[in-house]
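Visitor: In the UniProt record's numbering, the protein residues as written are 1 to 857. Every residue gets a Cβ at the ideal spot worked out from N, C-alpha and C, and that includes glycine. Small disclaimer: the values here were computed from a predicted structure and weren't measured. My questions all concern the structure below.
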Amino acid sequence: MVGQLEPVSQKEAISQTAKQNLWQAIQTVISWQNQAPPLVRVSRQEFLPLSFSQERLWFLHQLESTKASAYNIALTFRITGFLNHQILEKSLNEILCRHEALRTTFSWVEGKPIQLIHPPVPLPLTVIDLQQLPVMQREAKAMQQVKEDIQQPFDLQDVPLIRGTLIQLEREEHILLLTVHHIAVDAWSKGVLFQELAALYEAFSQGLSSPLPELPIQYADFAAWQRQWLQGDFLQILLNYWKQQLGSNLQELQLPIDHPRPATPTCRSASQKVKLPKALSQALKTLSRQEKVTLFVTLLAAFNVLLHRYTEQEQLFVCSPTANRTRKEIKGLMGYFVNLLILKTDLSGNPTFREFLGRVSQVASGAYAYQDLPVQQLLRSLNLLQAPLSQVMFALQNTTIHQLELPGLTVKNLDVDTGTADFDLYLYLIEEAGTLTAVFKYNTDLFEATTIQQMLQHFQTILENIVTNPEQSLSSLLPLTETEQQQLHQKRAKQENSQPEKVYIAPQNAVELKLTQLWSEVLNIPSIGVKDNFFELGGQSLLGMTLFARIEETFGQTLPLTTLLQAPTVEQLAKLLKQEAAASWSSLVPLQPNGHKPPFFCIHGQQGSVLNLRGLAHYLGSEQPFYGLQSRGLDGKQAPHFRIEDMAAHYIQEIRTIQPEGPYFLGGNSMGGIVAFEMAQQLQQQGQTVAALVMFDTFGRGCFPRLSFRQQHYWPYLWQLGLSKSLWQEIRELLQRRQVMMSQLYLNLGHSLNQADSRALVAEANMQAKKGYTPKVYPGRVTLFRASEPSTFNKLYLPTPEDWSSRDPQHGWSGLASTGLQIHDVPGDHFSLFLEPHVQVLAEKLKACLNQAQTNC
Numbered sequence: 001m002v003g004q005l006e007p008v009s010q011k012e013a014i015s016q017t018a019k020q021n022l023w024q025a026i027q028t029v030i031s032w033q034n035q036a037p038p039l040v041r042v043s044r045q046e047f048l049p050l051s052f053s054q055e056r057l058w059f060l061h062q063l064e065s066t067k068a069s070a071y072n073i074a075l076t077f078r079i080t081g082f083l084n085h086q087i088l089e090k091s092l093n094e095i096l097c098r099h100e101a102l103r104t105t106f107s108w109v110e111g112k113p114i115q116l117i118h119p120p121v122p123l124p125l126t127v128i129d130l131q132q133l134p135v136m137q138r139e140a141k142a143m144q145q146v147k148e149d150i151q152q153p154f155d156l157q158d159v160p161l162i163r164g165t166l167i168q169l170e171r172e173e174h175i176l177l178l179t180v181h182h183i184a185v186d187a188w189s190k191g192v193l194f195q196e197l198a199a200l201y202e203a204f205s206q207g208l209s210s211p212l213p214e215l216p217i218q219y220a221d222f223a224a225w226q227r228q229w230l231q232g233d234f235l236q237i238l239l240n241y242w243k244q245q246l247g248s249n250l251q252e253l254q255l256p257i258d259h260p261r262p263a264t265p266t267c268r269s270a271s272q273k274v275k276l277p278k279a280l281s282q283a284l285k286t287l288s289r290q291e292k293v294t295l296f297v298t299l300l301a302a303f304n305v306l307l308h309r310y311t312e313q314e315q316l317f318v319c320s321p322t323a324n325r326t327r328k329e330i331k332g333l334m335g336y337f338v339n340l341l342i343l344k345t346d347l348s349g350n351p352t353f354r355e356f357l358g359r360v361s362q363v364a365s366g367a368y369a370y371q372d373l374p375v376q377q378l379l380r381s382l383n384l385l386q387a388p389l390s391q392v393m394f395a396l397q398n399t400t401i402h403q404l405e406l407p408g409l410t411v412k413n414l415d416v417d418t419g420t421a422d423f424d425l426y427l428y429l430i431e432e433a434g435t436l437t438a439v440f441k442y443n444t445d446l447f448e449a450t451t452i453q454q455m456l457q458h459f460q461t462i463l464e465n466i467v468t469n470p471e472q473s474l475s476s477l478l479p480l481t482e483t484e485q486q487q488l489h490q491k492r493a494k495q496e497n498s499q500p501e502k503v504y505i506a507p508q509n510a511v512e513l514k515l516t517q518l519w520s521e522v523l524n525i526p527s528i529g530v531k532d533n534f535f536e537l538g539g540q541s542l543l544g545m546t547l548f549a550r551i552e553e554t555f556g557q558t559l560p561l562t563t564l565l566q567a568p569t570v571e572q573l574a575k576l577l578k579q580e581a582a583a584s585w586s587s588l589v590p591l592q593p594n595g596h597k598p599p600f601f602c603i604h605g606q607q608g609s610v611l612n613l614r615g616l617a618h619y620l621g622s623e624q625p626f627y628g629l630q631s632r633g634l635d636g637k638q639a640p641h642f643r644i645e646d647m648a649a650h651y652i653q654e655i656r657t658i659q660p661e662g663p664y665f666l667g668g669n670s671m672g673g674i675v676a677f678e679m680a681q682q683l684q685q686q687g688q689t690v691a692a693l694v695m696f697d698t699f700g701r702g703c704f705p706r707l708s709f710r711q712q713h714y715w716p717y718l719w720q721l722g723l724s725k726s727l728w729q730e731i732r733e734l735l736q737r738r739q740v741m742m743s744q745l746y747l748n749l750g751h752s753l754n755q756a757d758s759r760a761l762v763a764e765a766n767m768q769a770k771k772g773y774t775p776k777v778y779p780g781r782v783t784l785f786r787a788s789e790p791s792t793f794n795k796l797y798l799p800t801p802e803d804w805s806s807r808d809p810q811h812g813w814s815g816l817a818s819t820g821l822q823i824h825d826v827p828g829d830h831f832s833l834f835l836e837p838h839v840q841v842l843a844e845k846l847k848a849c850l851n852q853a854q855t856n857c
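Structure, rendered in structure tokens:
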């Protein structure tokens, strides 16, 4: 029989009966947890599933590739004392060997994502020596390097998912940065990493072997176990509890935002913090002990009071992360175990704080007892996919478990704001040395800094009032002035007026009708209008992948997942499907088609996608049309081009559908600059005018040693192993020929490649095309935007500032532009120049160049 939790009214003070019901429910779930199957190692010969949490994060990374750095975890330390670089690197590589999660990639196979575990690969510790700089400049330069590395996204199809950078300021002063993708680690994992790094560094310093025992299981084993266990009666017990707690609706919080929510959400954020007086921190702990609740519950209750006073809503929900390490076997693993708990509380009746504290305690206790249910499965099962979970989050952090200690060294954590966040408003409190610090991290598109500062002041006022007299009613804990009340009312009214009432519009044709049916099935929403937005309806996690798999089954058409960014409504997607059926797949992507100026056509980089160009298109403004050109073959149906000349000819045909005659304005990202160079050559041979030819950090021949990307990446390690360049070349070309032959054979048989295979084939084809191209002198001018900083890729071959400065400053294009090479240095490295905040500078400089070229036409 499936256990049920009796309803408990939160509008009454917690009675003995309510406590007993809660305890019985907790006992029920514990008894079921004790019946769980053992967590054992599974075969690596089978497809390994993702955990539910991994699944959601993997989807978001795929969909939001331009914002993918939002999922980077940055661990930054200042280390004082004699640090052995080689031993530190050896210790990090041992951790990479121990934990499969750090060397796992993800692919789409047979309609679902799987994880692929790779053998250990070398993890280079990039060392940047700043000792040659003036002392006053070193710190700023180091922090700039740290922030740029944090903004550089990971490719989830490449390993490892961790990188290390060591910045040397003095002989005995360093800054260590470890950047890891969130899909491989969570907050608990930091403690595991720090403990193992300390143990390994100490042992290796003494010439000993690793003192760490072998791990009996890995993260992939947990993912398989989770899928096996969360079903049947146990799943129903969890669902019954959460259904009772959350009901059928989670109402959006009417936060007093300063600016309307942008049509395209961003992850831009900032932080404000206040250190609470030590006496207040101790008083909060004392109150918690007296009321027999945890400090977390007391602080969460106070935060709810703040939200209540700001929103005037009586039913509130706040998300809070939980470690989700309920089994002892996984406590020593690194991986993404974290789950989100939805804590819904009732503030009706204007209770005293003591009474409300009891309500919150009951909610929190039940939530932690029933935390095994992943939030995405919870929302899907309870038909709560539209719940606005990305609004507010709360957490209490204990820093004692996140301290790195290395023998003989002084290590201090550095608080570096990544500038990205997944939530509108995130309050977390840090307890350190008996004192609490409250930090508000907020979305800068929505909130002004002054509003957050006022929130912090009001939160501290509430804390001071509850320790003074917990018998005060909630309404008296934060007395607002008349001016403050008016400001809050005006912000709420402005927000309500900015949200037009949604009108249902029925399908107008057979394609729209079928799409609405598919959306209803996938999203589990009975009524879908053609104007409804997939993301606003809760289209998250694997639902986008599932939807596109169903579209392929129904219409026989394979669309890239990024189509959802261009066509998030049924109406827009139906139009694209009709166009797809009537015409061949197009390389031309209208990133910003509006405006009266001549269009700017920008060619993809080596990976073939143009998603990373969206920010540049946006900042060029609404009057500058911007079209990206993506590689043929990304659709999985057509074979890609293997020659630059063929690419150029194909792209010229594409751009002439928009602009039949010149003058043309061309650009290319990285390798795309070479394609744009060849396009300009062919256009001029056809009698057309090219007004601007722009390259974004494009490297020509002679800038670096003539090795392929993969050779440049792995050559230092192969050399250490004694493998010759010619042997590596033979191995690489053999694998390359095999992959290309198999993929082309598959296409020739009329099959479509899945996204992972098509992307891999396109990248390989582009690499071959670049390798086989010999540029000729161009009878015109070339403009090169040159990244001012070396990337991690560059540093493998140019590891010191002297090496970097000795490279060809003209990127190998000297003498290839007959009327001159114009160079503009832009902030960032080869990868980050298109990311915030560097892309804004790049856009301004490009806009000036285009305006000048347009004037000269």
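Could you tell me if Leu842 is buried or exposed, where buried requires 16 or more neighbouring beta carbons within 10 angstroms of its beta carbon?
Guide: buried
Visitor: Measure the C-alpha to C-alpha separation of Thr179 and Phe303 and round it to an integer number of angstroms.
Guide: So the alpha carbons of these two residues sit roughly 31 angstroms apart.
Visitor: Taking the alpha-carbon positions, what's the residue 858 to Ile603 distance?
Guide: With the chain represented from 1 up to 857, any question about residue 858 goes unanswered, as that position is not in the structure.
Visitor: Cβ atoms of Pro374 and Asn339: under 8 angstroms apart, would you say?
Guide: yes
Visitor: By Cβ distance, which residues of its chain are closer than 6 angstroms to Ala184, with the 5 residues on each side in sequence left out?
Guide: Counting only residues of its own chain and dropping the five nearest sequence neighbours on each side, Ala184 has a CB closer than 6 angstroms to the CB of Ala101, Leu102 and Leu161.
Visitor: Spatial neighbours of Gln607 within its chain, please: CB distance less than 6 angstroms, with the 5 preceding and 5 following residues excluded, ordered by chain position.
Guide: In the same chain as Gln607, and ignoring 5 residues on each side of it, the C-beta atoms closer than 6 angstroms to its own belong to Ala763, in chain order.
Visitor: Nearest-angstrom Cα distance between His811 and Phe59?
Guide: Distance between the alpha carbons of His811 and Phe59 is about 36 angstroms.
Visitor: Give me the residue from Leu683, Thr698 and Thr165 with the minimum Cα distance to Pro779.
Guide: Of Leu683, Thr698 and Thr165, the residue nearest in Cα terms is Leu683.
Visitor: Using C-beta distances below 8 angstroms, list every residue in its chain close to Pro37, excluding the 5 sequence neighbours before and after it, in chain order.
Guide: Trp225, Gln228 and Trp229
Visitor: Quick check on Phe535: does DSSP put it in helix, strand or coil?
Guide: coil
Visitor: Grouping DSSP H, G and I as helix and E and B as strand, with all else coil, what is Lys112?
Guide: strand
Visitor: Just to confirm my understanding: we take Glu733, look at its own chain, exclude 5 residues before and 5 after, and list those with CB closer than 6 angstroms. What are they?
Guide: At Glu733, the pLDDT of 49 sits below 50, so the modelled position is not reliable and the matter cannot be decided from this model.
Visitor: Could you tell me whether any non-hydrogen atom of the ligand SAH is closer than 7 angstroms to the CB of Gln377?
Guide: Among the components of this structure there are no ligands whatsoever, and the ligand SAH is therefore not found.
Visitor: Within 10 Å of its beta-carbon, does Ser348 have 16 or more other beta-carbons around it, so buried, or fewer, so exposed?
Guide: exposed
Visitor: With distances taken from CA atoms, which of Thr569, Leu133, Pro837 and Phe600 is nearest Ala506?
Guide: Thr569
Visitor: Out of Glu512, Thr322, Asn443 and Met455, which one is the CA nearest neighbour of Asp422?
Guide: Asn443
Visitor: Might you give, ordered along the chain, the residues of its own chain that have their beta carbon closer than 8 angstroms to the beta carbon of Thr298, omitting 5 neighbours on each side?
Guide: Leu284, Leu287, Ser288, Glu291, Leu357 and Ile466
Visitor: Please state whether the Cβ-Cβ distance between Asn93 and Leu123 is less than 8 angstroms.
Guide: yes
Visitor: Would the region 521-528 and the region 39-54 be scored as touching if the rule is three or more Cβ pairs under 8 angstroms?
Guide: no
Visitor: Below 6 angstroms CB to CB, which residues in the same chain sit around Asp129 once its five sequence neighbours on both sides are set aside?
Guide: Gln168
Visitor: How do the region 46-55 and the region 82-92 stand: do at least 3 beta-carbon pairs fall below 8 angstroms, yes or no?
Guide: Taking 8 angstroms as the limit for Cβ pairs, the verdict is that the region 82-92 does not touch the region 46-55.
Visitor: Apply the 10 Å Cβ neighbour rule to Glu844 and answer buried if 16 or more other Cβ atoms are within range, or exposed otherwise.
Guide: Classification of Glu844: exposed, given that the 10 Å Cβ count is below 16.
Visitor: Would you list the one or two residues that DSSP bridges to Ser473?
Guide: Thr352
Visitor: Going residue by residue through the region 360-394, where are the continuous alpha helix (DSSP H) segments of at least 4 residues, counting only ones entirely within it?
Guide: 375-381
Visitor: Please confirm whether Gly633 and Ala765 have their CB atoms less than 8 angstroms apart.
Guide: yes
Visitor: Which one of Glu464, Phe440, Val159 and Trp188 has the shortest CA to CA distance from residue 858?
Guide: With the chain running from 1 to 857 in the structure shown, residue 858 is simply not present.
Visitor: Contact between the region 265-274 and the region 442-459 is defined here as three or more beta-carbon pairs at a separation below 8 angstroms; is this criterion met?
Guide: yes
Visitor: Please name the residue, chosen from Leu250, Ala223 and Leu616, that lies closest to Leu378 on a Cα-to-Cα basis.
Guide: Leu250
Visitor: Arg288 lies in the beta strand (DSSP E); which residues open and close that run?
Guide: The sequence shown places Ser at residue 288, rather than the Arg named in the question. Premise fails: Ser288 lies in the alpha helix (DSSP H), Lys278 to Gln290, not in any beta strand (DSSP E).
Visitor: Give the straight-line distance between the Cα atoms of Ala198 and Glu405, rounded to the nearest whole angstrom.
Guide: 6 angstroms
Visitor: If you follow the beta strand (DSSP E) that Gly164 is in, where does it begin and where does it stop?
Guide: Ile162 to Glu170
Visitor: Identify, in the order they occur along the chain, each residue of the same chain with its Cβ nearer than 8 angstroms to the Cβ of Ser520, setting aside the five sequence neighbours on each side.
Guide: Pro526, Ser527 and Ile528
Visitor: Does the region 79-89 come close enough to the region 200-210 to have 3 or more Cβ pairs within less than 8 angstroms?
Guide: yes
Visitor: Measure the alpha-carbon distance for Leu419 versus Leu427 and round it to whole angstroms.
Guide: Rather than Leu, the amino acid found at residue 419 in this sequence is Gly. When rounded, the distance between both Cα atoms is 15 angstroms.
Visitor: Leaving out the 5 sequence neighbours to the left and right, which residues in its chain are closer than 8 angstroms to Leu478 when beta-carbon positions are compared?
Guide: Val305, Leu306, Arg309, His458, Thr461, Ile462 and Asn465
Visitor: Answer yes or no: do Leu833 and Ala787 have a C-beta to C-beta separation smaller than 8 angstroms?
Guide: Cβ distance < 8 angstroms, so Leu833 and Ala787 count as in contact.
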